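S.K.:
There are 2 protein chains.
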Amino acid sequence: MGNRSITAVKGFLAGAMHCGIKQSGKPDLAMLVSEVPATAAAVFTTNKVVGAPVVVGREHIKRGIASACIINSGCANVCTGKRGLIDAREMCERSAEVLTGRGITMQTGEVLPFSTGVIGHFLPMDKIRTGINALASNIGNSEEHGEAFANGILTTDLKIKTACTQFNLGKRAITIAGCCKGSGMIAPNMATMLAYVATDAAISPSSLRTAVWDVTDSTFNCVTVDQHTSTSDTFAVLANGLAENPRIELGTSAWRSFSRALESVCDSLARQIAADGEGATKLVVIHVTGAATDADARRAAMAIANSPLVKTAIHGGDPNWGRFVSAAGYSGAAMNPDKAHCQVGKISVFRNGRPTDIALADVQAVMQQHDVHITLNLGAGGKGTCRVYTCDLSREYITINADYHT
Amino acid sequence: MGNRSITAVKGFLAGAMHCGIKQSGKPDLAMLVSEVPATAAAVFTTNKVVGAPVVVGREHIKRGIASACIINSGCANVCTGKRGLIDAREMCERSAEVLTGRGITMQTGEVLPFSTGVIGHFLPMDKIRTGINALASNIGNSEEHGEAFANGILTTDLKIKTACTQFNLGKRAITIAGCCKGSGMIAPNMATMLAYVATDAAISPSSLRTAVWDVTDSTFNCVTVDQHTSTSDTFAVLANGLAENPRIELGTSAWRSFSRALESVCDSLARQIAADGEGATKLVVIHVTGAATDADARRAAMAIANSPLVKTAIHGGDPNWGRFVSAAGYSGAAMNPDKAHCQVGKISVFRNGRPTDIALADVQAVMQQHDVHITLNLGAGGKGTCRVYTCDLSREYITINADYHT
């Protein structure tokens with residue numbers, strides 16, 4: 001299936017347009033709609049400062065049903081107080097009203113609102129109202145509609161990020177497809193900056209919720225571009241049941257098949273976020289093993305992934321592996337340097353407390369490739385592991401973020 | 001006193017030279033010596049991966065007496081196993097032997113060793129041995145000797161960092177003077193990358209130790225350039241008693257005067273580290289107030305200071321204050337956004353959960369100055385506060401660290 005977009009899933013319509021929020025003229029309003037009410041689950045940012053759409057989204061998702069997502073880019077509707085909440089609710093009301101008018105009946109509470117962009121500004125609701133009216137008449141289920149949606153949610157991303165997979169449950173083929181955005185302000189913690197997955201699987205709300213949380217932890221929560229956990233992170237999954245499979249229940253083999261397929265989609269999306277991180281020229285995969293616990297492994301992997309010294313060494317293709325080892329050392333994870341083992345690609349560079357006898361030129365050659373794998377066994381004597389995706393830190397990141405005008 | 005160097009203190013000799021470690025030909029070996037045995041205290045990095053000199057320094061400081069510091073730059077002697085320890089010990093032995101030969105009698109255990117530079121390489125001990133022999137004959141107490149010492153400990157620093165103060169205890173004038181290095185790999189945690197303070201005060205070992213720990217917490221531990229806690233951080237204070245004041249004891253008013261003076265020196269050095277951070281074009285001072293505890297305030301201030309999005313916004317002079325507020329939001333500190341208050345310079349930008357009615361152009365003008373002050377009241381209802389020094393993140397940081405060859 002590869003990159004087929006979110007409209008590959010039966011019964012899902014999508015689309016995007018420019019409603020006037022972004023001065024660039026790029027798409028800034030997008031909509032995803034299930035033709036029938038869908039079971040839904042979502043995870044949201046753990047930031048204590050959250051956008052108004054996160055507050056409203058948390059309310060709406062409680063019932064476990066959602067039929068539409070309405071998303072604007074260019075303005076995050078964060079730090080906007082009561083007016084921000086009123087605006088986020090109106091986005092849902094207006095969407096439900098217009099879609100119901102088109103024959104896709106739904107309540108306001110079945111719509112999830114999302115906003116991404118600059119913090120501290122109010123939404124231009126006049127433009128958004130007009131936009132929602134127009135967009136609801138222009139959603140569709142073609143590949144082009146799906147790609148337009150994936151494009152409409154972007155901010156500083158250079159590429160759309162989509163993933164799709166299929167698997168069989170008995171005689172029924174189940175499709176899972178998704179897309180996401182995220183390039184800067186990326187260190188998801190319980191979710192990532194706007195990811196949507198649609199599926200035609202029939203699945204119970206609690207089974208879906210558990211699968212979504214499990215998968216988030218090993219995929220979106222293991223990506224970092226710049227350690228800045230966003231105020232708007234949300235990952236939502238809508239399952240409309242049109243595959244007509246027997247309803248998937250928690251803990252069954254069908255549930256495990258569904259979770260594995262969902263994980264493959266999310267893993268692909270997470271990897272695409274890191275590869276398209278702001279200013280990124282490389283994809284970096286950090287594997288930490290030999291940790292006392294998985295939590296310790298995650299601490300060490302994130303410390304390595306977030307260190308600007310690590311990221312710049314990788315940008316320069318410089319075999320300065322002491323930066324990898326020392327970042328793990330300050331991460332708070334238990335570590336025994338005398339038993340630790342660090343590899344760059346497949347080359348051992350540090351073992352038994354001292355440098356190995358390798359030629360740095362060989363390490364440099366590995367570090368100059370596009371995909372750089374760093375493996376560190378902490379020597380703590382445990383079985384904890386974690387894999388984190390990140391990218392390098394380039395001058396372009398500075399250019400993008402120093403000149404990102406508010 | 002301002003910037004008078006470490007040799008302003010009675011009975012201290014210093015000097016530096018190029019012994020051949022750095023290919024650039026810049027000074028790479030430095031020595032600080034008290035003519036009489038000095039009471040000493042030191043704090044070291046909390047990184048779990050530490051350099052051999054940190055291991056040896058911790059052993060030697062236990063007795064509370066030190067008469068000399070021997071420092072090389074260009075190679076950190078970290079991740080070097082047993083051979084690294086042998087080399088660090090030999091630096092002390094050789095220094096003690098040569099200085100004793102010059103009439104300044106001392107034991108090996110009275111010398112503290114320090115190394116700073118690249119991780120994962122062995123010290124070129126032939127060059128260091130020859131260097132120590134030569135340097136011991138070229139130390140002195142002139143201002144030039146003090147400046148040479150401050151210069152000899154630098155790596156990527158652009159400026160020497162020195163501070164000096166005097167105060168009176170009864171009829172005795174006490175001098176405290178110090179210098180430090182640190183520009184990259186700076187997020188001290190119990191110490192900073194090589195700081196030395198000399199004083200002629202007479203003070204008991206335990207009183208000195210307590211003063212040093214207290215002061216470290218509010219000064220060096222509140223600086224960050226790139227959140228990468230070094231493997232070699234050490235801050236050492238030598239007090240040789242030549243001021244002939246009645247010995248300072250813990251908890252007395254003399255001790256408080258001493259601690260205040262020590263803090264003023266360390267505060268100045270800490271501020272100089274931030275201002276000379278790698279690639280820095282600005283000094284940034286983050287004040288967090290209204291936190292539940294001081295620890296929470298520190299968490300929030302450090303999250304703001306370490307966010308690449310915050311640092312690039314400041315680099316670009318962009319009034320994107322949402323980045324400051326959202327960084328506190330993911331710091332783990334208790335926070336109530338509806339009661340929080342964010343100021344840039346003296347301008348309120350966010351209050352009562354929403355943007356204030358200010359012109360962003362006014363905020364931009366403040367952010368384009370060299371010194372940028374950000375104040376955030378977390379609204380958590382407590383009295384916790386913290387002030388952190390940091391700098392902006394520029395393209396030059398990337399250039400320095402992507403091209404720093406190992």
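Protein chains in written order, with our numbering: chain A, 1 to 406; chain B, 1 to 406.
Glycine residues also receive a C-beta, built at the ideal position from the N, C-alpha and C atoms.
Small disclaimer: the values here were computed from a predicted structure and weren't measured.
1) So what's B/D357 in DSSP terms, helix, strand or just coil?
2) Going by alpha carbons, who is nearest to A/G182 out of A/D233, A/E147, A/T199 and A/A202?
3) From A/P113 to A/I65, what distance separates their C-alpha atoms?
4) For B/V284, which of B/G317, B/T252 and B/S264 has the nearest alpha-carbon?
5) Helix, strand or coil, according to DSSP, for B/R271 in the structure here?
6) For A/E35, which of helix, strand or coil comes out of DSSP?
7) Any Cβ of chain A within less than 7 Å of the Cβ of B/R298?
8) Would you list, in sequence order, the uninterrupted beta strand (DSSP E) runs of no fewer than 3 residues that lie entirely inside the segment 96-150 of chain A?
9) What number of angstroms, rounded off, separates the C-alpha of A/I347 from the C-alpha of A/D371?
10) For the alpha helix (DSSP H) that contains A/K311, what are its first and last residues?
11) Taking Cβ positions, are A/L269 and A/G146 nearer each other than 7 Å?
12) Would DSSP call A/M1 helix, strand or coil?
13) Any beta-carbon of chain B closer than 7 Å to the one on A/F149?
14) Which residues in chain B have a C-beta closer than 8 Å to the C-beta of A/D226? List them in chain order.
15) Run down chain A in chain order and give the residues with a C-beta less than 9 Å from the C-beta of B/W321.
16) When the Cα of A/A380 is compared with those of B/S5, B/A30, B/V49 and B/F12, which residue comes out closest?
17) Using DSSP bridges, identify the partner residues of A/H373.
18) Flag this pair as touching only if the segment 332-344 of chain A and the segment 32-50 of chain B have three or more C-beta atom pairs under 8 Å; answer yes or no.
19) Can you find a CB in chain A that lies within less than 7 Å of the CB of B/I398?
20) Got a sec: is the Cβ-Cβ distance from B/A52 to anything in chain A below 7 Å?
21) Exposed or buried, what is B/A359 when buried is set at 16 or more other beta-carbons lying within 10 Å of its beta-carbon?
22) DSSP three-state call for A/A303: helix, strand or coil?
23) Show which residues of chain B have a CB atom less than 9 Å away from the CB atom of A/T231.
24) Could you check the C-alpha separation between B/A236 and B/V197 for me, to the nearest Å?
25) Going along the segment 167-201 of chain A in order, which residues come within less than 9 Å of chain B, judged by CB to CB distance?
26) Just how far apart, CA to CA, sit B/A365 and B/V310?
27) Is the beta carbon of A/G277 sitting closer than 7 Å to the one on A/V212?
28) By the 10 Å Cβ neighbour count, where 16 or more other Cβ atoms means buried, how is B/S326 classified, buried or exposed?
29) Taking only beta carbons into account, state which residues of the segment 331-342 of chain A come closer than 7 Å to chain B, listed in chain order.
30) My parser needs the beta strand (DSSP E) runs of 3 or more residues fully inside the segment 147-228 of chain B; what are they?
31) Does A/T390 get closer than 7 Å to chain B when you measure Cβ to Cβ?
32) From this set, B/G241, B/V215 and B/G290, which residue's C-alpha is nearest B/S450's C-alpha?
33) Who are the Cβ neighbours of A/R299 in its own chain at under 6 Å, not counting the five residues just before and after it?
34) Just the chain A side, please: which residues come within less than 7 Å of B/T312 by C-beta, in chain order?
35) Please report the distance separating the alpha-carbon of A/I400 from that of A/N377.
36) Against chain A, does B/P355 count as a neighbour if the rule is that its beta carbon must be under 7 Å from one of theirs?
M.R.: Here's the rundown:
1) DSSP places B/D357 in coil when its eight states are reduced to three.
2) For the residues A/D233, A/E147, A/T199 and A/A202, the minimum Cα distance to A/G182 belongs to A/D233.
3) Straight-line spacing of the CA atoms in A/P113 and A/I65 works out to 14 Å.
4) Nearest to B/V284 by alpha-carbon distance, out of B/G317, B/T252 and B/S264, is B/G317.
5) Residue state, collapsed to three classes: helix.
6) DSSP places A/E35 in strand when its eight states are reduced to three.
7) B/R298 does not count as touching chain A.
8) Counting only runs of at least 3 residues, the segment 96-150 of chain A fully encloses the following beta strand (DSSP E) elements, listed from N- to C-terminal order: 111-118.
9) If you take the alpha carbons of A/I347 and A/D371, they lie about 15 Å apart.
10) First-last of the alpha helix (DSSP H) with A/K311: P308 to H315.
11) Result no, Cβ atoms of A/L269 and A/G146 do not sit closer than 7 Å.
12) Note that A/M1 scores a pLDDT of 47, beneath 50, so its modelled location is shaky; the value from the coordinates is reported in the next line. For A/M1, the three-state secondary structure derived from DSSP is coil.
13) By this cut-off, A/F149 is not an interface position.
14) Residues of chain B whose Cβ lies closer than 8 Å to the Cβ of A/D226 are, in chain order, S307, P308 and L309.
15) Per Cβ cutoff of 9 Å: C79, I119, G120 and T406.
16) Among B/S5, B/A30, B/V49 and B/F12, the Cα nearest to that of A/A380 belongs to B/V49.
17) A/H373 pairs with A/V285.
18) Three or more Cβ pairs drawn from the segment 332-344 of chain A and the segment 32-50 of chain B lie within less than 8 Å of each other, which places the two stretches in contact.
19) Yes, B/I398 lies at the interface with chain A (some Cβ there is under 7 Å from its Cβ).
20) Cβ-Cβ to chain A under 7 Å: no for B/A52.
21) By the 10 Å Cβ count, B/A359 comes out exposed.
22) DSSP places A/A303 in helix when its eight states are reduced to three.
23) Simply G322, V325, S326, G329 and Y330.
24) Near 6 Å, if we compare the C-alpha coordinates of B/V197 and B/A236.
25) G184, M185, A187 and N189: these are the residues of the segment 167-201 of chain A whose beta carbon lies less than 9 Å from some beta carbon of chain B, given in chain order.
26) Inter-residue distance for B/A365 and B/V310 is about 17 Å (C-alpha atoms, whole angstroms).
27) With respect to A/V212, A/G277 sits apart: the two C-beta atoms are not nearer than 7 Å.
28) So B/S326 counts as buried.
29) Interface annotation for the segment 331-342 of chain A against chain B: M335 and P337, criterion Cβ-Cβ distance under 7 Å.
30) Counting only runs of 3 or more, we get 161-169, 172-180 and 195-199.
31) Contact of A/T390 with chain B is not assigned, every C-beta pair being separated by 7 Å or more.
32) Any answer about residue 450 of chain B is impossible in this case: the structure gives chain B only from 1 up to 406.
33) The beta carbon of A/R299 lies closer than 6 Å to those of S331, G332 and A333 in the same chain, with the five residues before and after it left out.
34) By Cβ distance, chain A contributes I398, N401 and A402.
35) In a straight line, the C-alpha of A/I400 is about 35 Å away from that of A/N377.
36) Chain A, which has a Cβ nearer than 7 Å to the Cβ of B/P355, makes this yes.
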